[in-house]
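> Residue numbers (our numbering), protein chains in the order written: chain A, 562 to 703; chain B, 562 to 703.
For glycine and all other residues, C-beta sits at the position ideal for the given N, C-alpha and C.
Being a predicted model, the structure only gives us computed values, none of them experimental.
Provided herewith is a single structure, encoded as structure tokens, for subsequent inquiry.
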DNA sequence: ATAATACTTTACAATAATTCCAACTTATGC
DNA sequence: GCATAAGTTGGAATTATTGTAAAGTATTAT
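As structure tokens, this is what we get:
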């Protein structure tokens, strides 16, 4: 059974039952920079936690997302990816291998007037697409 | 049978068979600013084109995307959305009703060194999220 | 500590989006 | 016109995700 590194409720109104399954998922996610999909999370966690069910993974991901402790990325056209780093940052995705990497540089993107005037903007996310170093190299070789 | 507004092959290497189904889909898409999903496209086109099949819609969308005549948006967590405007621009999506609007303002986003150094960047897309005018108003009223 | 309760987990069924397939049809180049 | 490569079709298959109802367990108040 995984040890608790951070409390599952980091802020008021965020209380969640502290079940071993959740702790295992949370533990896997904590500090994870790979932007895993639900399936990857399930595969990894269920290795150590035999009876883990897929529904529990989805439930937990949804709960954590709802409480703002996890960010759901829509950058991969095939599946949702999850990012435990909820601080504002951006991403690069490799068009070949779908690897996602964080972009922590502070990008100043002004919200255009046309939008700011009548919409309420709550988030700004920059997606860079292209080839990651290894796919770039592989392409060059052929 | 729909009329052809633009040639289906706009550039070399883009030749596609000019079938009535494709023309119908292309006609629906041409100038469309609603960022429709495959299902919306199917629903609309099959109204006038009885025998239209879902597979044809997906085939056509994939072909057009592959030839750079259509852009596949991954901004909606639930489904792919399609944008016939392939000129570089950005988007705003309403978190409530999932409406997507174009952002044609030119946003200057410098590619961060950390990425530019070893990756190959082919695209930069800014996603704004929040509430569209009507959802914003609706929220205020309650 | 314990019991009551409300929330969780589980296995599996159900959806929903998208892709695959194999037989049939058709646009296009000669 | 004909041959043929490419496209269409309906339905089955696949994949991601959600719903469900029964059984289990963390938490809270005792």
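1) I want to verify the contact list: residues of chain B whose CB lies under 8 Å from the CB of residue 697 of chain A, in sequence order.
2) For residue 671 of chain B, which of B:661, B:660, B:683 has the nearest alpha-carbon?
3) From the beta carbon of residue 587 of chain A, is the nearest beta carbon of chain B less than 9 Å away?
4) Compare the Cα-Cα distances from residue 596 of chain B to each of B:697, B:677, B:643, B:669 and report the closest residue.
5) Could one say the Cβ of residue 688 of chain B lies closer than 9 Å to chain A's Cβ atoms, at least one of them?
6) List the residues of chain A that residue 673 of chain B touches, going by C-beta distances under 8 Å, in chain order.
7) Can you tell me where the alpha helix (DSSP H) with residue 588 of chain A in it begins and where it stops?
8) Going along the chain, which residues of its own chain have a beta-carbon closer than 7 Å to the beta-carbon of residue 622 of chain A, five neighbours each way excluded?
9) By the criterion of Cβ-Cβ separation under 7 Å, what are the contact partners of residue 600 of chain B in chain A?
10) Taking only the alpha-carbon atoms, compute the straight-line gap between residue 700 of chain A and residue 655 of chain A and give it to the nearest angstrom.
11) Contact between the region 662–669 of chain A and the region 604–624 of chain A is defined here as three or more beta-carbon pairs at a separation below 8 Å; is this criterion met?
12) Between residue 695 of chain B and residue 618 of chain B, what straight-line distance do the alpha-carbon atoms span, to the nearest angstrom?
13) Work out the CA separation of residue 611 of chain B and residue 604 of chain B for me, nearest whole Å.
14) Roughly how many angstroms lie between the CA atoms of residue 577 of chain B and residue 583 of chain B, to the nearest whole one?
15) Quick check: is the beta carbon of residue 661 of chain A nearer than 9 Å to any beta carbon in chain B?
16) Verify the CB distance criterion: does residue 597 of chain B have a CB-CB separation below 9 Å to chain A?
17) Can you check whether the C-beta of residue 591 of chain A is within less than 9 Å of a C-beta belonging to chain B?
18) If distances are taken between C-alpha atoms only, which option among A:691, A:674, A:615 comes closest to residue 636 of chain A?
19) Could you check which residue in A:657, A:589, A:661 has the C-alpha nearest to that of residue 609 of chain A?
20) Pull up the distance between the alpha-carbon of residue 616 of chain B and that of residue 689 of chain A, whole angstroms please.
21) For the candidate residues B:585, B:702, B:634, whose alpha-carbon lies nearest to that of residue 659 of chain B?
22) In whole angstroms, give me the CA-to-CA distance for residue 607 of chain A and residue 629 of chain A.
23) In the DSSP assignment, what residue or residues form a beta bridge with residue 690 of chain B?
24) When the cut-off is 9 Å and only beta carbons count, does residue 641 of chain B lie next to chain A?
25) State the Cα-Cα distance for the pair residue 673 of chain A and residue 653 of chain B, rounded to the nearest angstrom.
26) Any Cβ of chain A within less than 9 Å of the Cβ of residue 693 of chain B?
27) Can you tell me which residues form a DSSP beta bridge with residue 633 of chain A?
28) Find the nearest neighbour of residue 646 of chain A within the set A:585, A:593, A:581, judged by alpha-carbon distance.
29) Is it buried or exposed, residue 580 of chain B, if we count other Cβ atoms within 10 angstroms and call 16 or more buried?
By the coordinates alone:
1) Here residue 697 of chain A corresponds to residue number 136 of the first chain, with the count starting at 1. Here the neighbours are 679, 680, 681.
2) Mapped onto the second chain, residue 671 of chain B falls at position 110. Taking only the C-alpha atoms, the option nearest residue 671 of chain B is B:683.
3) Numbered from its first residue, the first chain carries residue 587 of chain A at position 26. Taking Cβ atoms only, chain B never reaches closer than 9 Å to residue 587 of chain A, which makes this a no.
4) Within the second chain, numbered from 1, the residue matching residue 596 of chain B stands at position 35. Nearest of B:697, B:677, B:643, B:669 to residue 596 of chain B, Cα basis: B:643.
5) In the second chain, residue 688 of chain B corresponds to position 127, counting from 1. Closer than 9 Å: yes.
6) Taking the second chain and counting its residues from 1, the one referred to as residue 673 of chain B is at position 112. The answer, in chain order, is 664, 666, 668.
7) By 1-based counting over the first chain, the position of residue 588 of chain A is 27. Boundaries of the alpha helix (DSSP H) around residue 588 of chain A: 581–590.
8) In the first chain, residue 622 of chain A corresponds to position 61, counting from 1. If we look at residue 622 of chain A and ignore the five residues flanking it on each side, its Cβ neighbours are 599, 631, 643.
9) Mapped onto the second chain, residue 600 of chain B falls at position 39. Residues of chain A with a Cβ closer than 7 Å to the Cβ of residue 600 of chain B do not exist; the shortest Cβ-Cβ separation is about 16 Å.
10) Taking the first residue of the first chain as 1, we reach residue 700 of chain A at position 139. Taking the first residue of the first chain as 1, we reach residue 655 of chain A at position 94. So the alpha carbons of these two residues sit roughly 13 Å apart.
11) no
12) Taking the second chain and counting its residues from 1, the one referred to as residue 695 of chain B is at position 134. Taking the second chain and counting its residues from 1, the one referred to as residue 618 of chain B is at position 57. Rounded to the nearest angstrom, the two C-alpha atoms are 31 Å apart.
13) To locate residue 604 of chain B, count along the second chain from 1; it is residue 43. To locate residue 611 of chain B, count along the second chain from 1; it is residue 50. Looking at the two C-alpha atoms, the distance is approximately 10 Å.
14) Taking the second chain and counting its residues from 1, the one referred to as residue 577 of chain B is at position 16. Taking the second chain and counting its residues from 1, the one referred to as residue 583 of chain B is at position 22. Those two C-alpha atoms are separated by around 9 Å.
15) Residue 661 of chain A sits at position 100 when you count from the first residue of the first chain. Not an interface residue.
16) Position 36 of the second chain, counted from the first residue, corresponds to residue 597 of chain B. Taking Cβ atoms only, chain A never reaches closer than 9 Å to residue 597 of chain B, which makes this a no.
17) As a first step, residue 591 of chain A is located in the first chain; it is residue number 30 there, counting from the start. Chain B, which has no Cβ nearer than 9 Å to the Cβ of residue 591 of chain A, makes this no.
18) For the purposes of this step, residue 636 of chain A is identified with residue 75 of the first chain, where counting begins at 1. That would be A:691, whose Cα lies nearest to the Cα of residue 636 of chain A.
19) In the first chain, counting from the first residue as 1, residue 609 of chain A sits at position 48. Per the Cα distances, A:589.
20) Numbered from its first residue, the second chain carries residue 616 of chain B at position 55. Numbered from its first residue, the first chain carries residue 689 of chain A at position 128. Using only the alpha carbons, I get a separation of about 30 Å.
21) Here residue 659 of chain B corresponds to residue number 98 of the second chain, with the count starting at 1. Distance from the Cα of residue 659 of chain B is smallest, within the candidate group B:585, B:702, B:634, for B:634.
22) To locate residue 607 of chain A, count along the first chain from 1; it is residue 46. To locate residue 629 of chain A, count along the first chain from 1; it is residue 68. So the two alpha carbons sit approximately 24 Å from each other.
23) Here residue 690 of chain B is taken as the residue at index 129 of the second chain, counted from 1. Answer is A:684, B:654, bridged to residue 690 of chain B.
24) Looking up residue 641 of chain B in the second chain gives position 80. Between residue 641 of chain B and chain A, the shortest Cβ-Cβ separation is below 9 Å.
25) Position 112 of the first chain, counted from the first residue, corresponds to residue 673 of chain A. Position 92 of the second chain, counted from the first residue, corresponds to residue 653 of chain B. Between the alpha carbons of residue 673 of chain A and residue 653 of chain B lies a distance of about 11 Å.
26) Along the second chain, one-based indexing puts residue 693 of chain B at 132. Chain A, which has a Cβ nearer than 9 Å to the Cβ of residue 693 of chain B, makes this yes.
27) By 1-based counting over the first chain, the position of residue 633 of chain A is 72. Partner(s): A:643.
28) Locating residue 646 of chain A in the first chain gives position 85, where the first residue counts as 1. For the residues A:585, A:593, A:581, the minimum Cα distance to residue 646 of chain A belongs to A:593.
29) As a first step, residue 580 of chain B is located in the second chain; it is residue number 19 there, counting from the start. Exposed, by the Cβ-count rule.
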